[in-house]
Amino acid sequence: MDRLECDRMFIAVMETGGFASAATRLKTSSGQASKLVSRLEADLGVRLLNRTTRSVSPTEAGQAYYERLRPLIDDLETLDLDIRNISQSPRGRLRLTAPLTFGTTELAPALNEFASRHPDIELDVSFTDRVVNLVDEGFDMAVRVGRPGDSSLTIRRLCAVRIVVVATPAYVEDHNPVGRPEDLTRHACIIDTNFREPEKWPFRHSSGKAYTVGVTGRIRYSNTEACLQAAEEGLGIACLPGFVAGGAIRSGRVVRLLQDFESEPYDVHVLYPHNRHLAAKVRLLVDALVERYRGVPAWEAGW
284 MDRLECDRMF IAVMETGGFA SAATRLKTSS GQASKLVSRL EADLGVRLLN
334 RTTRSVSPTE AGQAYYERLR PLIDDLETLD LDIRNISQSP RGRLRLTAPL
384 TFGTTELAPA LNEFASRHPD IELDVSFTDR VVNLVDEGFD MAVRVGRPGD
434 SSLTIRRLCA VRIVVVATPA YVEDHNPVGR PEDLTRHACI IDTNFREPEK
484 WPFRHSSGKA YTVGVTGRIR YSNTEACLQA AEEGLGIACL PGFVAGGAIR
534 SGRVVRLLQD FESEPYDVHV LYPHNRHLAA KVRLLVDALV ERYRGVPAWE
584 AGW
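Note that the working numbering gives residue 566 to position 283 of the sequence shown, counting from 1, and the numbers run on in steps of one.
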């Protein structure tokens, strides 16, 4: 066991609060994590951590050692990145997390194009609607739709996602007219439970007034594509992200309703841990995504 390995494990324990979570971050076992920290304590001749069956906390010496050690390790990792970026083209594994539907329908084609251009970069992508802790779980970056919640990450905006209300032309013809959001209370609405408040649909009039309308419906899906399919079957009115509904709108399978009351769009962001010197492979993908989504998103073409 070399000293640097011990130091990195100690930092991971301090920042994650335990040996199990530190082991997960550094992709090893809890037993190995404990062994590395014990070896560090033996080398220094001082106890760094107080251990109980339920918690781990730093001693006074441990806290002081961490505060001096963390910037040194940061500088070392920065040096490694600088030398690698100078000496070779970007390469290695890049771990990314993205929302399920946006990831599979919109992001995957962009990632495939990126992979074709950069054969030395290995993409490891997790499509999940769970908000992943990038640092603790070892991800290089994330793409997220909506308000970014972690201010400790570097954030770059990619584009806006408009939220649209749609139904089939036949449904519109056969049911009561929908001229204002309040009219939705008399209709069967298809509820997307991915939204924070699924039965409260937000609207903003072209004059600037914002409000919400309570809706009901017998069909509730936790997947926006399934909601679109239900709307295309004439089962009701759906409120969907533009990247899901775009193709159906262009083909005429569904029509947009309440266009003068469209709600505030959701922004798409790319996030990555703050570092003075970003790994070249991460910078390369971030720049590629920013360029791809510049301007009006492709899914809005023809609206």
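All C-beta atoms, glycine included, are put in the ideal place defined by N, C-alpha and C.
These numbers come from a predicted model, not from an experiment.
For residue i, tell me which candidate among the options has the shortest Cα-Cα distance.
{"i": "Thr-299", "options": "Glu-324, Asp-419, Ala-381", "result": "Asp-419"}
{"i": "Val-296", "options": "Leu-417, Arg-378, Ser-317, Arg-286", "result": "Ser-317"}
{"i": "His-488", "options": "Phe-478, Glu-480, Tyr-504, Pro-464", "result": "Pro-464"}
{"i": "Thr-411", "options": "Leu-383, Cys-289, Phe-397, Leu-331", "result": "Leu-383"}
{"i": "Tyr-549", "options": "Arg-430, Asn-477, Gly-519, Ser-409", "result": "Arg-430"}
{"i": "Ile-587", "options": "Gln-315, Glu-482, Ala-493", "result": "The structure shown does not extend to residue 587, since the chain is modelled only from 284 through 586, so no value can be given for it."}
{"i": "Ser-505", "options": "Tyr-494, Gln-512, Thr-476, Tyr-349", "result": "Thr-476"}
{"i": "His-401", "options": "Ala-571, Ala-584, Val-579", "result": "Ala-571"}
Going by DSSP in three states, residue i sits in which element: helix, strand or coil?
{"i": "Gly-497", "result": "strand"}
{"i": "Tyr-549", "result": "strand"}
{"i": "Leu-379", "result": "strand"}
{"i": "Asn-459", "result": "coil"}
{"i": "Ala-391", "result": "helix"}
{"i": "Tyr-576", "result": "coil"}
{"i": "Phe-385", "result": "helix"}
{"i": "Ser-312", "result": "coil"}
{"i": "Arg-487", "result": "strand"}
{"i": "Leu-331", "result": "coil"}
If I'm right that residue i touches residue j with Cβ under 8 Å, what's the distance once you round it to whole angstroms?
{"i": "Phe-239", "j": "Val-444", "result": "With the chain running from 284 to 586 in the structure shown, residue 239 is simply not present."}
{"i": "Ala-425", "j": "Ala-471", "result": "Ala-425 to Ala-471, Cβ: 36 Å. No contact."}
{"i": "Cys-522", "j": "Ile-446", "result": "6 Å"}
{"i": "Ile-515", "j": "Thr-451", "result": "One point to set straight first is that residue 515 is Glu, not Ile, in the sequence displayed. With a Cβ gap of about 6 Å, Glu-515 and Thr-451 count as contacting."}
{"i": "Gly-535", "j": "Trp-582", "result": "That belief does not hold up - the Cβ atoms of Gly-535 and Trp-582 are roughly 16 Å apart, past 8 Å."}
{"i": "Cys-289", "j": "Val-320", "result": "7 Å"}
{"i": "Phe-422", "j": "Arg-378", "result": "5 Å"}
{"i": "Pro-373", "j": "Ala-563", "result": "4 Å"}
{"i": "Leu-436", "j": "Pro-556", "result": "6 Å"}
{"i": "Trp-586", "j": "Ile-520", "result": "Trp-586 to Ile-520, Cβ: 18 Å. No contact."}
{"i": "Val-553", "j": "Val-538", "result": "With 8 Å as the limit, Val-553 and Val-538 do not qualify as a contact, their Cβ atoms being about 33 Å apart."}
Residues bridged to residue i by DSSP?
{"i": "Thr-437", "result": "Tyr-555"}
On the three-pair Cβ rule with 8 Å, is the region 527-547 touching the region 481-497? Touching, yes, given that three or more Cβ pairs across the two stretches are closer than 8 Å.
Check whether the region 555-575 touches the region 393-400, counting contact only when three or more Cβ pairs, one atom from each stretch, lie closer than 8 Å. Under the Cβ criterion (8 Å, minimum of three pairs), the region 555-575 counts as touching the region 393-400.
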